[in-house]
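According to mature numbering (1 follows the signal peptide of the UniProt record, and there is no 0), the sequence shown holds residues -24 to -1, 1 to 512 in order.
Glycine residues also receive a C-beta, built at the ideal position from the N, C-alpha and C atoms.
Treat the numbers as computed from the prediction; the structure is a model and nothing was measured.
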Amino acid sequence: MIMMGRFALLVFLEFASMQLLCIAADHDAAIFYDSFEEPFNGRWIVSEKDDYKGIWEHSKSEGHDDFGLLVTEKARKYAIVKELEEPVNLRDGTTVLQYEARFQNGLECGGAYLKYLRPQEAGWKPKEFDNGSPYSIMFGPDICGLTNKVHFILKQKNPKSGEYVEHHLIDPPRVPSDKLSHVYTAILKPDNEISILIDGEAKKKGNFLSAQDFDPPIIPAKTIPDPNEKKPEDWDDRVRIPDPNAVKPDDWDENAPMEIEDMEAVKPEGWLDDEPEEIDDPEATKPEDWDDEEDGVWEAPKIDNPKCQTAPGCGEWKRPMKRNPAFKGIWNPPLVDNPNYKGIWKPRDIPNPNYFELDKPYFDPIAAIGIEIWTMQEGILFDNILIAKEENVAKSYRDTTWKPKFVVEKEKQKAEEEAAGSDDLGGFQVVFDVLYKFADIPFLSKYKLQILDFIEKGEKQPNLTIGVLVSIVVVILTAIFMLIFSGKKQQPRVEKKTEVAADTSNDQGSSGEKPAEEEKENETGGAAPRQRRRDT
């Protein structure tokens, strides 16, 4: 056993040393890499612009000894930049952009993207870094409202117009919706392919020169609509027009109202014309501190008139309105095909003065990496920012810096979810305790064993709790319906005993049904016990 243990230890040490050598080799292959294990002060420059009040912090990722660059306050703008030792030429071979971001408190509205900035000759200074600073690429997650995407934006200069245009990757991947560490990778290849990876998995591929992959297309259209051409005044683009030969019928009354009074309606018997619907509250008293001069004349609050509760209605009775059968509305002639229709007008196409062709995008070199965001959530952690020229270098960093953290976080998340599931049973336990009492109700005695069996299953198997509760409710409702329907079979005999009483009383019968006179009154237009509207 001791020999086997020593052998395992030697194997582990050899493996670890190989991993360290690989990391060292990959570190040498990286153009830029920052693990943030050392404080960022002096290496990264915080913007001094007035709008950017957010405080950056060198902080550990929750649950790890790994440090990162932390957003500490919510509802703030943040800006920080790191100048590269040498500008990176994106037109030369493959370029890999990669970094980690973790939303430790979730993210509902905010960005966590990086901006890869052009050289300062383009017109910016590190201490004045803001949203107007010229960048070549913007890459990373952004969530707010309907926006949920991992941006990839190329800002390229049009060689004809001299203007810089933002070209957005179409249908970018969505941002993971959790609080775990995630690694975002953009791979720019010399054959114009662009790949976006999340956690090492390809989520989006496209071609820089394809009009289907970038909006607006990096290569503009050869022709454009003539901006100086205008639609002729006599151009008729109406497909159908009102029939000029149509005549309004003589019996068409445009002034007929939509609704008229129902002349067949009759005021319900017992309607209290002289009683108001609301009266002063007789129990209300004027507050002692009420000042008529300052507060005005005190008036008692209104309450519903109790006399109206037992009457069909109170106040002035008015006939309800009904639809006017003679109503036709405003007359309009029918539509017919337009004999002068010329089609939908559009300006003629002319050669695009800003058209140009490219074999590959014109990437401005990257001279700095900046984070310029606005966020409503704190706790965003940036880590392991990398620029490399080989994909295997980026993969090696993912495997050695991101993956171990992610595995730990994933296991912790799973344990918390399982614990939350068992905690939820604690809340359901109160419901189960009530159901045990329900099972002792006499009219449920027939179903007692079935209910107890369901309760025990729910307590033992939390994942079945909701289904168990539904099953118990179904059993109880079944018992109640059985009781109701079995009781209704006896109603005819009860009605015979109360027929005489029904003639001398306005009360409901023992079955809970309305007296025959009241049923008949409702069928012939009688009102509800209380009405305030004209309709009855």
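Beta-carbon gap between residue i and residue j smaller than 9 Å
| i | j | result |
| --- | --- | --- |
| G86 | T351 | yes |
| Y92 | A370 | no |
| W321 | K155 | no |
| F105 | V57 | yes |
| I163 | T71 | yes |
| K165 | P149 | no |
| E235 | N300 | yes |
| P327 | P203 | no |
| residue 577 | T48 | Because the chain in this structure spans residues -24 to 512, residue 577 falls outside the shown range and cannot be described. |
| V223 | D313 | no |
| L145 | F190 | yes |
| L83 | I356 | yes |
| Y317 | D213 | yes |
| P193 | F332 | no |
Endpoints, beta strand (DSSP E) assigned at residue i
| i | result |
| --- | --- |
| N65 | Note, N65: premise wrong, no beta strand (DSSP E); not H, not E. |
| E367 | No beta strand (DSSP E) holds E367; the alpha helix (DSSP H) holding it covers E367 to Y373. |
| E169 | E169 to I174 |
| G44 | F43 to V47 |
| H158 | S157 to L164 |
| L357 | I356 to A364 |
| D313 | L311 to D313 |
| F8 | A6 to D10 |
| V141 | Y140 to L145 |
| A178 | E177 to N183 |
| H127 | T123 to K133 |
| T70 | That residue, T70, is in no beta strand (DSSP E); it is neither H nor E in DSSP. |
| W32 | W32 to K36 |
| I217 | R216 to P218 |
| R150 | No beta strand (DSSP E) holds R150; DSSP gives it neither H nor E. |
| R299 | M297 to R299 |
Inter-residue Cα distance where the pair is residue i and residue j
| i | j | result |
| --- | --- | --- |
| G176 | P201 | 43 Å |
| D109 | E139 | The amino acid occupying residue 109 in the given sequence is Ser; Asp does not appear at that position. Cα to Cα, S109 sits roughly 15 Å from E139. |
| P258 | E270 | 24 Å |
| F339 | K379 | 31 Å |
| E240 | W274 | 44 Å |
| P277 | T261 | 9 Å |
| H40 | K381 | 7 Å |
| D238 | K294 | 10 Å |
| S186 | R52 | 37 Å |
| V384 | I347 | 27 Å |
| I21 | E394 | 43 Å |
| E61 | P95 | 11 Å |
| I217 | N231 | 25 Å |
| D359 | S157 | 9 Å |
| P418 | I456 | 12 Å |
| L73 | Y111 | 14 Å |
| I31 | K50 | 10 Å |
| V242 | P296 | 10 Å |
| K133 | K29 | 32 Å |
| I172 | L66 | 16 Å |
| P337 | Q188 | 15 Å |
| F8 | H34 | 19 Å |
| residue 535 | F12 | Outside the modelled stretch of the chain, which goes from -24 to 512, sits residue 535, for which no answer is possible. |
Range covered by the alpha helix (DSSP H) that runs through residue i
| i | result |
| --- | --- |
| E271 | According to the sequence shown, residue 271 is Asp rather than Glu. D271 -> alpha helix (DSSP H) spans D268 to D271. |
Residue i in three-state terms, based on DSSP
| i | result |
| --- | --- |
| M(-22) | For M(-22), the predicted structure reports a pLDDT of 42, less than 50, and the residue's modelled location is therefore unreliable. A value from the coordinates is still provided. M(-22): helix per DSSP, three-state reduction. |
| T286 | coil |
| I345 | strand |
| L453 | helix |
| D511 | Per-residue confidence for D511 stands at a pLDDT of 42, beneath the threshold of 50, marking its modelled position as unreliable; no derived number is given. |
| W378 | helix |
| P225 | coil |
| V383 | helix |
| S447 | helix |
| V410 | helix |
| E392 | helix |
| P418 | helix |
| I194 | coil |
| I200 | strand |
| residue 547 | Nothing in the structure corresponds to residue 547, since the chain is present only between -24 and 512. |
| I326 | strand |
| I427 | helix |
| D280 | strand |
| A77 | strand |
| K53 | strand |
| D14 | According to the sequence shown, residue 14 is Glu rather than Asp. It is coil, neither helix nor strand. |
Run through the region 79 to 120 for me and flag every whole beta strand (DSSP E) of 3 or more residues, listed as ranges in chain order. 85 to 87, 90 to 93 and 111 to 120
Extract the residue ranges of the alpha helix (DSSP H) inside the region 233 to 278, only unbroken runs of 4 or more that lie entirely within it. 268 to 271
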